[in-house]
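All remarks here apply to the structure that follows.
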Amino acid sequence: MVFEIKKDRYQSRKKVIFIISGEPSGDILGGELIKSLKASGRKLSFIGIGGRYMLDQGLRTIFPMGDLSVVGLGEIFPHIPKLLKRFYQTVEKIKNILPDIIVTIDSPDFSFRLSKNLKKHDSTKNIPIIHYVAPTVWAWREERSKKIAKVVNHLMTLFPFEAKYFRRHGLKTTFVGHPIFDKRLDPKNAVEAFKNKKKISGNPLLCLLPGSRRSEITKLMPIYLETIKLLAEKYPGLALVIPILFKTRSVLQRSLGKITVPYHLVTDSLEKDLAIRSSDLALATSGTVSLELSLLKKPHVIAYKLNPITFKLIKAFAKVDFVTIVNIVAKREVVPEFLQERCQANELFSALDSLIRNKRKRTEQISSIVSVLKKIKKNKNPASFNAAQVVLEYCK
-15 MVFEIKKDRY QSRKKVIFII SGEPSGDILG GELIKSLKAS GRKLSFIGIG
35 GRYMLDQGLR TIFPMGDLSV VGLGEIFPHI PKLLKRFYQT VEKIKNILPD
85 IIVTIDSPDF SFRLSKNLKK HDSTKNIPII HYVAPTVWAW REERSKKIAK
135 VVNHLMTLFP FEAKYFRRHG LKTTFVGHPI FDKRLDPKNA VEAFKNKKKI
185 SGNPLLCLLP GSRRSEITKL MPIYLETIKL LAEKYPGLAL VIPILFKTRS
235 VLQRSLGKIT VPYHLVTDSL EKDLAIRSSD LALATSGTVS LELSLLKKPH
285 VIAYKLNPIT FKLIKAFAKV DFVTIVNIVA KREVVPEFLQ ERCQANELFS
335 ALDSLIRNKR KRTEQISSIV SVLKKIKKNK NPASFNAAQV VLEYCK
């Protein structure tokens, strides 16, 4: 649902925080941030762009978050007119209501262009802008950090090693922590209860995580299905458990077609961890999910395929050889990655087959993951609490 907000309705009694998220992962961060801000007891109101989680916490969105959920140059081109329309709609809304604070979450292309635009206008240039989730300047295009420092007032990072890249340019930066480390895991018997309730079984049981974007699902599912077919030929007892966002369920079901391997869809986000833990191993589309799988100590393989032009541009500027945070920190391939031309069914089958057959390989992967996670320091307080403290500093 889209709401129109009038400035005077809020400013007489509440601080107005304009929060923007363009992706499902950012929506979760935004929802937890709003929840923590509300818990402070301060008189606050929230308007911006968000999805289900942010809406559940009281955000009034000016248009559907899905309008911004586009990735890669090839995917962006057809959507440029809509993206431009939404961009200028956002600028005008901010100029109209003049919020007290602006918080942008991830989605760096949209977020930093917006920040740059707002800093040019007399009416909006003094509104504090806080960005949540540092762009990966340590991985590629480090020069972005200097430009970002000119258009953002404060940056909140998920990992401790990121701050130095921005502080050297005078940008206030706070390590708030990654919310994934704040999860409280259900007891082990809850996993068995979940499997019994859903009647989930398989030998082996593969957790398939096809991605959160429609474009990812449609592009990668044909490769995943061919991989599953190869696995099923060798392992007749194979079954799948597939955690998927409710909004992309229909896209996935169309992609599954007439698959003969038993599968179980899990659309309740609260059951995602249980679904992962119930499985023997996982095949996942690259993203935050790799860190989730690592935290849950689940052996896994990562795959991804970008538009070739986008991938070539990224490779030209890349400073690291991997895409998953565990591999980047370890500086070696702890988790097998299959990108672009290597993202093929026979390659994925071989890696998964090796994990299924070889217990030592599974143990070695998890052991290495545990060592890496110790380096990705966890903050004392939950990430959303730390982030809320930063935002509240600008509410005085």
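Numbered according to this note's numbering, the sequence shown terminates at residue 380, and the numbering increases by one at each position without gaps.
Ideal Cβ positions, reconstructed from N, Cα and C, are used throughout, including at glycine.
Beta carbon of residue i nearer than 8 Å to that of residue j
i: Ile89; j: Leu13; result: yes
i: Leu209; j: Leu267; result: no
i: Leu190; j: Leu222; result: yes
i: Ile1; j: Pro92; result: no
i: His105; j: Lys66; result: no
i: Leu28; j: Lys69; result: no
i: Val310; j: Ser274; result: yes
i: Cys327; j: Ile226; result: no
i: Gly162; j: Phe143; result: According to the sequence displayed, residue 162 carries His and not Gly. In contact: His162 and Phe143 (Cβ atoms closer than 8 Å).
i: Val136; j: Ser185; result: no
i: Val160; j: Ala367; result: yes
i: Leu17; j: Ala371; result: yes
Same chain, Cβ closer than 7 Å to residue i, neighbours up to 5 away in sequence not counted
i: Ser239; result: Ile201, Thr202, Met205
i: Val245; result: Ile212, Ala216, Leu222, Ala223, Leu224
i: Ala314; result: Ser352, Val356
i: Asp51; result: Lys66, Arg70
i: Arg384; result: No information on residue 384 is available, as it lies outside the stretch -15 to 380 that the chain covers here.
i: Leu277; result: Ile260, Ala266, Ala268, His284
Identity of the residue in the options nearest residue i by Cα
i: Asp375; options: Arg26, Glu7, Asn311; result: What sits at residue 375 in the sequence shown is Val, not Asp. Comparing Cα-Cα distances from Val375 to each of Arg26, Glu7, Asn311, the minimum goes to Arg26.
i: Pro188; options: Leu224, Pro144, Leu142, His162; result: Leu224
i: Gly6; options: Gly32, Lys(-1), Lys19, Ser24; result: Gly32
i: Ile4; options: Ile86, Glu76, Ser129; result: Ile86
i: Lys134; options: Ile81, Leu142, Phe159, Phe96; result: Phe96
i: Leu39; options: Gly10, Pro283, Ile64, Ser24; result: Gly10
i: Lys182; options: Leu279, Trp122, Glu255, Ala314; result: Glu255
i: Lys358; options: Asp305, Phe165, Arg346; result: Phe165
i: Asn363; options: Arg316, Val75, Met140, Ser107; result: Met140
i: Pro119; options: Gly42, Phe333, Lys130; result: Lys130
i: Ser199; options: Asn330, Leu236, Asn173; result: Leu236
i: Pro8; options: Thr272, Trp122, Ser278, Asn110; result: Thr272
i: His138; options: Trp122, Val121, His115; result: His115
i: Lys218; options: Glu348, Asn330, Lys77; result: Asn330
i: Lys345; options: Val313, Leu265, Leu277, Trp122; result: Leu265
i: Ile312; options: Asn342, Phe333, Pro283, Glu146; result: Glu146
i: Leu102; options: Val121, Lys77, Arg316; result: Lys77
i: Arg341; options: Pro283, His63, Leu277, Val121; result: Pro283
i: Ile360; options: Leu279, Leu332, Asp305; result: Leu279
Neighbourhood of residue i by C-beta, 8 Å cutoff - its chain only, sequence neighbours within 5 removed
i: Met281; result: For the record, residue 281 in the displayed sequence is Lys; it is not Met. Cβ within range, chain order: Ile350, Ile353, Val354.
i: Gln73; result: Ile46, Phe47
i: Tyr307; result: Reading off the sequence shown, one finds Val at residue 307, where the question assumed Tyr. Result list for Val307: Ser270, Ile286, Tyr288, Glu321, Leu323, in chain order.
i: Lys380; result: none
i: Lys109; result: Leu102, Lys103
i: Ser107; result: Lys79, Leu82
i: Phe369; result: Ser20
Same chain only: Cβ atoms within 6 Å of residue i, ignoring 5 sequence neighbours per side
i: Gly195; result: Ile201, Thr269
i: Tyr386; result: Here the chain comprises residues numbered -15 to 380, so residue 386 is not present and cannot be evaluated.
i: Gly391; result: No answer is possible for residue 391: it lies beyond the span of the chain, which begins at -15 and ends at 380.
i: Gln373; result: none
i: Lys19; result: Gln41
Identified DSSP bridge partners for residue i
i: Arg44; result: Ile31
i: Ala266; result: Cys191, His284
i: Val87; result: Ile3, Ile114
i: Ala259; result: According to DSSP, Ala259 bridges with nothing at all.
i: Lys156; result: His138
i: Leu323; result: Tyr288
i: Pro227; result: Val250
CB contact below 8 Å: residue i versus chain D
i: Thr251; result: The structure shown contains no chain D, having only a single protein chain.
Residue i beta carbon near the ligand HEM (any heavy atom closer than 7 Å)
i: Ile89; result: No copy of the ligand HEM occurs in the structure displayed, which carries no ligand at all.
**Request:** Pair every Cβ in the stretch 212 to 228 with every Cβ in the stretch 326 to 341, then say whether three or more of these pairs are closer than 8 Å.
**Result:** In this structure the stretch 212 to 228 lies against the stretch 326 to 341, because at least three pairs of beta carbons, one per stretch, are closer than 8 Å.
**Request:** Assess, as a yes-or-no matter, whether the stretch 254 to 266 is touched by the stretch 164 to 175 under the definition of 3 or more beta carbon pairs within less than 8 Å.
**Result:** yes
**Asked** Is there contact here, the stretch 136 to 156 with the stretch 176 to 187, by at least three beta-carbon pairs under 8 Å?
**Response** no
**Asked** At a cut of 8 Å, does the stretch 249 to 256 reach the stretch 284 to 294 through at least three beta carbon pairs?
**Response** no
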